[in-house]
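Positions -21 to -1, 1 to 303 (mature numbering (1 follows the signal peptide of the UniProt record, and there is no 0)) are the ones given, in order, by the sequence shown.
Every residue, glycine too, gets a C-beta built ideally from N, C-alpha and C.
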Amino acid sequence: MARLCLLLPLLLLALPAIALAEPQPQPELIAAFKREPFRYYTAGGLYEFRRRRSGEEEVVTVPEGESEGDDFDVPIKRSGEHRSAVMELLVVVDNGLYQSHLSRIENSKSKQSVKAYYEYFVGYINKVFENAPTNIRVTVVPAGIAVIKTKDANDWSERSRVSVGGRDFLLAQQALAQFRQWLQRHRNRLPQFDHAMALTQYHTGIRINGEVHEIKGVAQLGQMCNVGANGRGIHSVSLVHDSGTLAGALTAVHEIGHSLGLPHDGERSSAACPDAGRYVMSAALAMSEEAASFSNCSQRALQRFLESPRASCLFHSEADPDRR
């Protein structure tokens, strides 16, 4: 059984209150881009899921070219060229999070704005991985961005929702399992991907001894590239609470790190690097200067994974029969 890894919330005293707040009119991620622009790639299309009257779901793909902003040439995966890796990340936005975006923007530009925001989101993830000092450069690009436009099409999120103390939580393990089933059900309607990430506006938590404890995200350890080939289930997945701030993007980096085989600092192969260093693979999210960097232990673990057969999909193009 694949091991689940969790990210706990931690707020340092020096952190401003906005850091873990709900989405703001001017998202912190966009403000960070304006302060220090980073490379990002445009997604090929926006995949929209909503419920038909018959009860079945439909998907609509927005044609390419609707994104506003810069467009960089996406690196090409080349089999055997192991100096660079390209991760194709599928982002799936639940209905609650989609509605929170609509509340901030003009409906006439809703598709372009939501799509552009998550291109920035993936761009920030890419920035952190590209800056990792490993011998193999990792580039993260959007395989596609999917939004759940109606609440009744949001089964992977709504079925695992519970109310605790007046707040809605997703039970992370159940939500992740249902998300995997959702991906399998819609496999032919979605683009190929190396990792699929579910983003939710709801707080996420795990139930321990009858009580729900808040976490920021969850992923399966070392399951990158395990996307259902040869009849196996899809395990290269993660669930992240997106608060509309840098905390959401950093949580996404952390969970992708787990999928790439990186344990928490201070644990397992990273035992030599104390969790108190507050690097990106710390067990608790802390918005420190090191929060967007990998510890020496994480760098070594990432290098080992990239050099292993488990990372094969990151080097194979879509046309390569060995991609999966």
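Checklist entry - Could you give the residue range of the alpha helix (DSSP H) that holds Ile9? => result By 1-based counting over the sequence shown, the position of residue 9 is 30. Counting along the chain, the alpha helix (DSSP H) containing Ile9 begins and ends at Glu7 to Arg14.
Item to check | Coil, strand or helix - Ile(-4) by DSSP | outcome: Residue mapping note: residue -4 aligns to position 18 of the sequence shown, counting from 1. Interpretation of Ile(-4) is limited by its pLDDT of 25, a score under 50 that renders its predicted location unreliable; the figure taken from the coordinates is listed afterwards. Three-state DSSP puts Ile(-4) in a helix.
Checklist entry - When you compare only the Cα positions, how much space is there between Ala64 and Leu225? => result Against the sequence shown, residue 64 aligns to sequence position 85. Against the sequence shown, residue 225 aligns to sequence position 246. Computed Cα separation, rounded: 24 angstroms.
Item to check | C-alpha distance - Ala151 paired with Met176, whole-angstrom precision | outcome: Taking the sequence shown and counting its residues from 1, the one referred to as residue 151 is at position 172. Taking the sequence shown and counting its residues from 1, the one referred to as residue 176 is at position 197. Whole-angstrom Cα-Cα distance: 13 angstroms.
Next on the checklist: Check this for me: beta carbons of Gly184 and Phe158, under 7 angstroms apart or not?
Outcome noted: On the sequence shown, residue 184 is found 205 positions in, with the first residue counted as 1. On the sequence shown, residue 158 is found 179 positions in, with the first residue counted as 1. Going by C-beta atoms, Gly184 is not nearer than 7 angstroms to Phe158.
Item to check | beta strand (DSSP E) segment containing Glu30, residue limits | outcome: In the sequence shown, the residue the question calls residue 30 occupies position 51. In the sequence as presented, Glu is not what sits at residue 30; that position holds Arg. First-last of the beta strand (DSSP E) with Arg30: Leu25 to Arg30.
Checklist entry - So, using beta-carbon positions, are Gln282 and Thr113 closer together than 7 angstroms? => result The count along the sequence shown starts at 1 and reaches residue 282 at position 303. The count along the sequence shown starts at 1 and reaches residue 113 at position 134. Cβ atoms of Gln282 and Thr113: closer than 7 angstroms.
Item to check | With 16 other Cβ atoms within 10 Å as the buried cut-off, status of Asp173 | outcome: If you number the sequence shown from 1, residue 173 lands on position 194. With 16 or more other Cβ atoms within 10 Å, it is buried.
Item to check | CA-to-CA distance, Arg62 to Val191, given in whole angstroms | outcome: Here residue 191 refers to the residue found at position 212 when the sequence shown is read from its first residue. Here residue 62 refers to the residue found at position 83 when the sequence shown is read from its first residue. Taking the straight line from one Cα to the other gives about 43 angstroms.
Next on the checklist: In the DSSP output, what is residue 320 paired with across the bridge?
Outcome noted: No information on residue 320 is available, as it lies outside the stretch -21 to 303 that the chain covers here.
Checklist entry - Considering only the beta carbon of each residue, do Ser238 and Ala198 sit closer than 7 angstroms? => result Stepping through the sequence shown from its first residue, residue 238 is reached at position 259. Stepping through the sequence shown from its first residue, residue 198 is reached at position 219. Against a cut-off of 7 angstroms, the Cβ pair of Ala198 and Ser238 comes out as a contact.
Checklist entry - What do you reckon, are the CB atoms on Ala265 and His243 nearer than 7 angstroms? => result On the sequence shown, residue 265 is found 286 positions in, with the first residue counted as 1. On the sequence shown, residue 243 is found 264 positions in, with the first residue counted as 1. Not in contact: Ala265 and His243 (Cβ atoms no closer than 7 angstroms).
Next on the checklist: Please state the DSSP three-state secondary structure of Phe148.
Outcome noted: Within the sequence shown, numbered from 1, the residue matching residue 148 stands at position 169. Strand, per DSSP.
Checklist entry - Counting pairs of beta carbons, one from the segment 283 to 296 and one from the segment 268 to 275, are three or more of them closer than 8 angstroms? => result no
Next on the checklist: Quick check: the Cα distance between Phe12 and Asn133, rounded to an integer number of angstroms?
Outcome noted: As a working mapping, residue 12 is identified with position 33 in the sequence shown. As a working mapping, residue 133 is identified with position 154 in the sequence shown. Each residue's Cα considered, the two are about 30 angstroms apart.
Checklist entry - So is Leu194 buried or exposed if we call it buried at 16+ other beta carbons inside 10 Å? => result Numbered from 1 along the sequence shown, position 215 holds the residue referred to as residue 194. In the sequence on display, residue 194 carries Ile and not Leu. Per the 10 Å Cβ criterion, buried.
Checklist entry - Using a Cβ-Cβ cut-off of 8 angstroms (strictly less than) and excluding sequence neighbours within five positions of Pro163, which residues of its own chain qualify? => result As a position in the sequence shown, residue 163 is number 184, starting the count at 1. At residue 163 the sequence reads Gln, which differs from the Pro that was named. Closer than 8 angstroms at the Cβ level, and outside the excluded window around Gln163, lie Gly207, Gly212 and Ile213.
Item to check | Reference Gln171, options Leu76, Arg138 and Ala125, closest by Cα | outcome: Residue numbering aside, residue 171 sits at position 192 when the sequence shown is read from its first letter. The shortest Cα separation from Gln171 among Leu76, Arg138 and Ala125 belongs to Ala125.
Checklist entry - Straight-line CA distance for Val107 to Val72? => result Looking up residue 107 in the sequence shown gives position 128. Looking up residue 72 in the sequence shown gives position 93. About 21 angstroms.
Checklist entry - Is Val219 near Leu155, with beta carbons less than 7 angstroms apart? => result Position 240 of the sequence shown, counted from the first residue, corresponds to residue 219. Position 176 of the sequence shown, counted from the first residue, corresponds to residue 155. Their beta carbons are not under 7 angstroms apart, which means Val219 does not touch Leu155 by this criterion.
Item to check | Simplified DSSP state of Leu239, which is helix, strand or coil | outcome: The residue labelled residue 239 in the question sits at position 260 within the sequence shown. Of the three classes helix, strand and coil, the one that applies to Leu239 here is coil, per DSSP.
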